[in-house]
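Protein chains in written order, with the working numbering: chain A, 36 to 352; chain B, 114 to 424. Cβ atoms here follow ideal geometry from the backbone N, Cα and C, with glycine treated the same way. Computed from a predicted model, the values in this text were never measured in an experiment.
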């Protein structure tokens, strides 16, 4: 945080205002907490407590006595038993590996596309930039569920005009839903949804570049490509880092797209992504403690990846 | 300091975007020609990319205007002779005694009310963190900042366990309460308040005997409006698009938001082909207001989003 907070505790300027000043310390001590409390209360309920509960659950063993647990349930401290179970589950590990592969390909492609589009739209060469900006951003307003329903219709043989068009042009029968292609069909949906959003963040930062810099570069005879490489790209680095970190976190959270596509793509199993895996463990197997361990592991992986990305990019500069 | 600079410069007018490239001085014919070539090339690329983003939406318009037979019997990108759009829309609205409108209303409730309250709470907290110096300030800020990085779906499962103990599962509250908090919004509000709320103005109000809470409502909220618009839109979209939380929390279809509702229709297409028309019609009806909203609102969607990126 580089912003400097401003102190409210100004030295007294005027003795006549002493009566006001005497009341002030009490008011300024209470006011921030009055303003903070509503937010903190909801934050406590929907962030802090669930996270603490998940961590607690992940270290708990629940034993049910009797056939359906009707003779009572006991909880004991299980050390790392649930984590061992989660990590011994080959499908869960495979789902994390799958998301790493997904992220290594999809995130750079999307960020690169967003950057190129932002640079093109902000260049003087682009016609109707407002229209294109709106068109690219529009999918962001379409929920992932609806985007997936839309694209799934475009993936299903018999319904999809894309398959028909490709077939009539090249004679190749494309299968968007086979075990080898379906991951990239999901990547396409994610890219379609979020490229415009990331582009807008980058454009916001491009607009903040002082115009004197451009003028100086033009005086020096730099062309559009050189300006992009030496001025724009270095200066939009913070926006690129922000969008990349958000994309990494988003990748590990992938849920709606594979869950919905699974209805038409048998290649997607109930543990295709880490989140799908945790959801299945919790609601299909009713194994909340192992599901909690999986949720904690997903969050830890997201943290580690985000921070190592930030460390890596910071060290290089 | 660049955070503050960004916030202030968020509303800079376009420097050169959108102006025609034909302002070169006379005599520079080659340069003008080269520039025109560049314009054609760049615009061509932009058109191709626009096709990619717009084709699925075009497809759903076409598909929603077909009968179930035509949906499978005619080419997907061409309108059929039998234009059934209005029949389909009527069917979507009246099916199951108007459940679609109920889902739409639920979504508007969750997203509208949730985003409004979340913005107010984030504004109050962000303003407090920016304006006052008090013990625990950095702790609170750091804690909330950590919340930005926690995957939303990681909290949904334990939240379900917590709410089931409180008896809140399968109620409006179960989706509404977690929607009221926006760590990202607090972050943005604090930085914006740092850059824009004038200390001497706050001090002057104090000397006039205005109470602290009133200063926030009269002065702080008004100054922070540009950031609040961004926070509101961001939260609105994230609640509207949320699927995992309502999926985990809700079982009764009367409480479903539009995302969950349309998915239940979609999952019935395997057995009952007429649900194809209901689903495509429903998707069209719910995509149109969102697409229009995005196009209209995207110009407000700046001056704020990048503040979060500054290290």
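query, result
"Buried versus exposed, by CB contacts within 10 Å (16 or more), residue 136 of chain B", "Note that residue 136 of chain B scores a pLDDT of 46, beneath 50, so its modelled location is shaky; the value from the coordinates is reported in the next line. Answer is exposed; the Cβ neighbour count stays below 16."
"Cβ-Cβ distance between residue 223 of chain B and residue 295 of chain B below 8 Å", "no"
"Residues near residue 340 of chain A by beta carbon distance below 7 Å, same chain, minus five either side", "283"
"Closer than 8 Å to chain A by CB, residue 78 of chain B", "With chain B covering 114 to 424 only, the question about residue 78 of chain B has no answer from this structure."
"Simplified DSSP state of residue 97 of chain A, which is helix, strand or coil", "strand"
"Cβ neighbours of residue 134 of chain B in the same chain (closer than 6 Å, five flanking residues each side left out)", "The predicted model places residue 134 of chain B with a pLDDT of 42, which falls under 50 and marks its position as unreliable, so this point remains unresolved."
"Reference residue 405 of chain B; option with closest CA among A:244, A:322, A:174, A:232", "A:174"
"C-beta atoms of residue 344 of chain A and residue 357 of chain B nearer than 8 Å", "no"
"Whole runs of the alpha helix (DSSP H) within the stretch 152-202 of chain B, excluding any shorter than 4 residues", "181-186"
"7 Å CB neighbourhood of residue 197 of chain A in its chain, flanking five on each side removed", "189"
"Rounded distance between the beta-carbons of residue 142 of chain A and residue 1 of chain A, thought under 8 Å", "For chain A, the structure presents residues 36 to 352; residue 1 of chain A sits outside this window and is missing."
"Candidates B:179, B:187, B:235: closest to residue 70 of chain A by CA position", "B:235"
"Rounded separation between residue 227 of chain B and residue 250 of chain B - CA only", "26 Å"
"Residue 323 of chain B, DSSP secondary structure in three states", "coil"
"7 Å CB neighbourhood of residue 231 of chain B in its chain, flanking five on each side removed", "292, 293, 294, 295, 298, 348"
"Given residue 306 of chain B as reference, the closest of B:188, B:241, B:214, B:204 once Cα atoms are compared", "B:241"
"Secondary structure, alpha helix (DSSP H): runs of 4+ residues fully inside the stretch 272-305 of chain B", "285-292"
"Within-8 Å CB hit, residue 263 of chain B to chain A", "yes"
"Length of the line joining the Cα atoms of residue 183 of chain B and residue 203 of chain A", "20 Å"
"Limits of the unbroken alpha helix (DSSP H) element including residue 151 of chain A", "125-157"
"Residue 295 of chain B CB to nearest heavy atom of the ligand SAH below 7 Å", "In terms of ligand content, the structure shown is empty, and the ligand SAH therefore cannot be addressed."
"Residues of the stretch 234-249 of chain B whose Cβ lies closer than 8 Å to any Cβ of chain A, in chain order", "234, 235, 237, 238, 240, 241, 242, 243, 244, 245, 246, 247"
"Partners in chain A for residue 188 of chain B, counting only beta-carbon separations shorter than 7 Å", "196, 199"
"First through last residue of the alpha helix (DSSP H) which encompasses residue 265 of chain A", "Here residue 265 of chain A belongs to no alpha helix (DSSP H), and DSSP marks it neither H nor E."
"The stretch 209-223 of chain A touching the stretch 255-275 of chain A, judged by at least three CB pairs closer than 8 Å", "no"
"Rounded C-alpha distance that separates residue 401 of chain B from residue 115 of chain A", "49 Å"
"For residue 88 of chain A and residue 159 of chain A, the rounded distance between their alpha carbons", "54 Å"
"Chain-order list of residues whose beta-carbon lies under 6 Å from that of residue 418 of chain B (same chain, five-residue window excluded)", "For residue 418 of chain B, the predicted structure reports a pLDDT of 47, less than 50, and the residue's modelled location is therefore unreliable. A value from the coordinates is still provided. Excluding sequence neighbours, residue 418 of chain B sits near nothing in its chain."
"Check whether residue 162 of chain A and residue 207 of chain B have beta carbons under 8 Å apart", "no"
"Beta-carbon proximity of residue 113 of chain A to residue 96 of chain A, cut-off 8 Å", "yes"
"Chain A within 8 Å of residue 356 of chain B, Cβ atoms only", "yes"
"DSSP state of residue 254 of chain A mapped onto helix, strand, coil", "helix"
"Cβ of residue 293 of chain A within 8 Å of any chain B Cβ", "no"
"Cβ contact check for the stretch 284-291 of chain B and the stretch 360-374 of chain B: 3 or more pairs under 8 Å", "yes"
"Rounded separation between residue 250 of chain A and residue 244 of chain A - CA only", "11 Å"
"Test item: CB-CB of residue 82 of chain A and residue 282 of chain B under 8 Å", "no"
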